[in-house]
Amino acid sequence: MITLRGVALSSSAADDLSSEQAYLTTLYERLDHLRDQADQRLRAILLEAGGTPQGRTQREATRSHYAEQLAQMNAVENGLCFGRLDFTAGEPRYIGRLGLAAPEHGRDPLLIDWRAPAARSFYLATAVSPDGVKRRRHLRTRGRTLTGIDDEVLDLEAGATGGREDVTGEAALLSALTANRTGRMRDIVETIQAEQDAVIRAGLNGALVVQGGPGTGKTAVALHRAAYLLYTYRSQLTKQGVLILGPNPTFLRYISQVLPSLAETGVLLATLGDMYPGVRARAVERPAAAAVKGRLAMLTVLERAVADWQTVPDDHVEVDHDGYPLRIERAMLEDARAVARRSGRPHNVARQLFVTEAIHALSLAIADKIGADPLGGDNLLSESDLAETRRELREDVDVQQALFEFWPVLTPRRVLRELLADPERLAAAAGDLTGEERALLLREHDAAWTPADVPLLDELAELLGVDDTLKARTAARERREAIEYAEGVLEIVEGSRSLDFEDDSEEEILSAIDVVDASAFAERHEVIDTRTAAERAAADRTWVFGHVIIDEAQELSPLAWRLLMRRCPSRSMTVVGDVAQTSELAGTTGWEQVFEPYVGQRWNLVELTVNYRTPAEVMAVAADVLAAVDPALQPPRSVRSAGVAPWSLRVPPAALPAEIIAAVRLEAAEAGDGRVGVLVPEALEPELGRHLVEAVPGAAAGEQPDLLNQVVLMTVRQAKGLEFDAVIVVEPDVIIAESPRGLSDLYVAVTRATRRLGVLHTGDLPKVLTALAG
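Sequential numbering from 45 applies to the sequence shown in the working numbering.
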């Protein structure tokens, strides 16, 4: 028996469980103490008020610090400690979700954060390369109770355990892989494998592309990488923020618990449809239309669309100016427009130049009319007279309204709505597109926004810009009003003091007016922005992120990539995807197409090759589909078998809804508490979803189904990145026929299962599925 920091450890299984439980209890007691301490300090800070602007800013920073600490400690309540390393020399190390220092200064930490360098051996040590590790122990817990221990002896002389060379912690890994799905992704912090660890701990700088087939853990790796980067580069990334971009809201809900369980809460989760503040783009549109919107050719269309708003009259317009008719000639405005356009400034910013040039030309026209010397000499108006004329023109509402019509202030939403709803505007701006492509873009004026619209809105925001002149004037006016209000308050204070001390007492009593002026008093009452970096980033289109993680990145269009590159000019990115699973027509089939325009060859590609999720029986079916997608692609190697052969069943068309319901009931019974996914063609989703929801209690379907339901019916597009215990694929030939990339969609569909796969079809089974048992 040995002693570790006061806790007895023995070699017998029962004593091991007892001693490890005692140590686990010690860890939770330390966590509770630190949590109470942070809570008390936070409460004390919240009771404070007033102070200088600097003091309030420092107080807010301290408040945020303790609030974040509390959130982290609350998040790791479950699974606080999950592992232990025993070395050939030195004391054991306990590995967990959070680092916990010993109460005595100078002592070794009680618990090492899984992201710390000292914990890395837990993921990398093998019998061949033990890195000084004698034994790796996995601790299984439920709440604060230890439920089991799995040991791996890595010391060859002591008799190392067997197992696969490419898998560490095999017992813990297989236990996690065979556990029932819950409708929410779980973290893999206890079972990270060596190839995954290399990606997670890669440096912050540059673009890292993680290519991996189904089941290789790409999403989990990306999320754990976010947690690792925030731990390692916290001071930088907490200020700039980290963006995680997912394919759809269902996916974001599916992964939403992973980072909190890893003690990280300050990350912005978003879809492409969320990337323009004020717009929640959720509408679905035809894939062909989305493909046209995503092409780089749309840049020229948008430039022309903006230019079409910069107009001039056919000949002239006449306005009333100070009771006299004033002609605004076409030539004047053409010259003013040319000057504004040559400036290269965005439309709304260049408008000031247009107005200035037009006003100048009008002032000269007025001078020629009223200041001409009747004897033929120089104009009688002086420069000051001309300046006064220009001032009067600027203040003339009729003149300004006329100029506004020719160069209006525009918003991205207005320009895009008018462009896509007006055949004439679209024809003028999109002359390089075919008639069929323009027809795909046309829609009703009040149509809901789609994700493919968001990059267009973002491009228009760049083309239009924001004229900050009015904003600056408003801020200055509000500042003056705040100071005037403060002066009034101080005058009241001073008046009250003179009334209270009319007895001419010689005692000097200080009041607010003696120690602070109106300007400083106003500053003390300015509102401090207490939002997190993620919250501020979500509201600011121009926010620059410290790091961007993109999942299912193969689906993004060229215009979507332009948007993301603007959000991350440092190009510090983790890009996760699989080009074999590309479904979107505007998506990519090669990472070079994405990155070479922005970084040349300065990006790194890492491939994940081991399939942890999909059992070998299912992957054998998927391999034939992948070969049809691209014979050069190799499927990832599955680490396990499920012992259940995939099946297929041909049914009469009229019986399809009933057969789906029967198959769902059978698979749900086999899955127990697990999840069943029914993947159907988009054209059949409304009807089949209605039948299933009516017949099966607890089933979900629709645009954003809740994965917490035991049975979920959805399209393949909705199922990107998700996993289920059992999957039923319906009408695979229709899935293939629905899209030019239908084989990729089918490949996605058959690789969502962690245990069981079935196929229902009314026609002949596609040749790529001949490996299925009949």
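Glycine included, every Cβ here is placed at the ideal spot set by N, Cα and C.
In the DSSP annotation of this structure, the continuous segment of the beta strand (DSSP E) that includes Leu370 starts and ends at 368-373. Each residue's CA atom was taken as its position, placing Gln240 and Arg85 some 38 angstroms apart.
Only exposed fits Gln445, as fewer than 16 other CB atoms lie within 10 angstroms of its CB. For Leu90, the enclosing alpha helix (DSSP H) covers residues 57-91.
Residue pairing by DSSP leaves Ser305 without any beta bridge partner.
Around the CB of Asp359, fewer than 16 other CB atoms lie within 10 Å, so the residue is classed as exposed. When the Cα atoms are used, Asp364 and Arg385 turn out to be separated by approximately 28 angstroms.
Beta-carbon to beta-carbon, Leu316 and Leu267 are separated by about 18 angstroms, too far to satisfy the 8 angstroms threshold. DSSP places Glu651 in the strand class (E or B) of the three-state scheme.
Cβ atoms of Leu710 and Val722 stay farther apart than 8 angstroms, at about 12 angstroms. The three-state secondary structure of Glu488, taken from DSSP, is coil. Counting along the chain, no alpha helix (DSSP H) covers Gly290; the unbroken beta strand (DSSP E) around it starts and ends at 286-290.
At the C-beta level, Val243 and Arg278 stay beyond 8 angstroms of one another. The DSSP assignment places 441-450 as complete runs of the alpha helix (DSSP H) inside the segment 429-463, in order along the chain (cut-off: 4 residues). Cβ neighbours of Leu287 within its own chain (closer than 6 angstroms, five residues either side excluded): Leu312, Phe589, Val592. The three-state reading of DSSP puts Leu677 in coil, since its state is none of H, G, I, E or B. Close CB contacts of Trp353 within its chain, under the 8 angstroms cut and outside five residues either way in sequence, are with His391, Trp451, Pro452, Leu454, Val459 (chain order).
From the listed residues Ala160, Thr132, Arg184, the smallest Cα separation to Asp175 is found for Thr132. If you check the CB distance, Ala676 and Gly310 do not come in under 8 angstroms. Cα atoms of Leu477 and Ala483: separation of roughly 10 angstroms, rounded to the nearest angstrom.
Inclusion of Pro690 and Leu801 in the CB contact set at 8 angstroms is warranted, their separation being smaller than that value. As DSSP reads the structure, His591 sits in a beta bridge with Val286. Gln255 sits in a strand when the DSSP states are folded into three classes.
Note that the C-beta distance between Trp605 and Ala251 is not below 8 angstroms. When the alpha-carbon of Arg389 is set against those of Gly509, Arg371, Val265, Pro331, the nearest one is in Gly509.
Apart from the 5 residues on each side of it in sequence, Asn122 sits with its Cβ closer than 7 angstroms to the Cβ of Gly187 in its chain, given in chain order. The continuous beta strand (DSSP E) containing Met758 extends over residues 755-759.
Using a Cβ distance threshold of 8 angstroms, Leu154 and Ala160 do not count as a contacting pair.
Only residues of its own chain outside the window of five on either side were considered, and among them Leu287, Met319, Trp587, Val588, Phe589, Val592 have a CB closer than 8 angstroms to the CB of Arg611, listed in chain order. In this structure, Val265 and Trp158 do not form a Cβ contact; the two beta carbons are roughly 14 angstroms apart against a cut-off of 8 angstroms. About 5 angstroms separates the CB atoms of Val760 and Ala793; that is less than 8 angstroms, so the two are in contact. The beta carbon of Glu651 lies closer than 7 angstroms to those of Gln255, Gly256 in the same chain, with the five residues before and after it left out. In this structure, Ala770 sits away from Glu729, with a CB-CB distance that is not shorter than 8 angstroms.
For Trp605, the uninterrupted alpha helix (DSSP H) run begins and ends at 602-611, by DSSP.
Counting C-beta atoms within 10 angstroms of its own C-beta, Gln754 has 16 or more neighbours from the protein chains shown and is therefore classed as buried. If the five residues before and after Leu168 are omitted, its C-beta is found closer than 7 angstroms to the C-beta atoms of Asp175, Ala238, Asp241, all from its own chain and listed in chain order.
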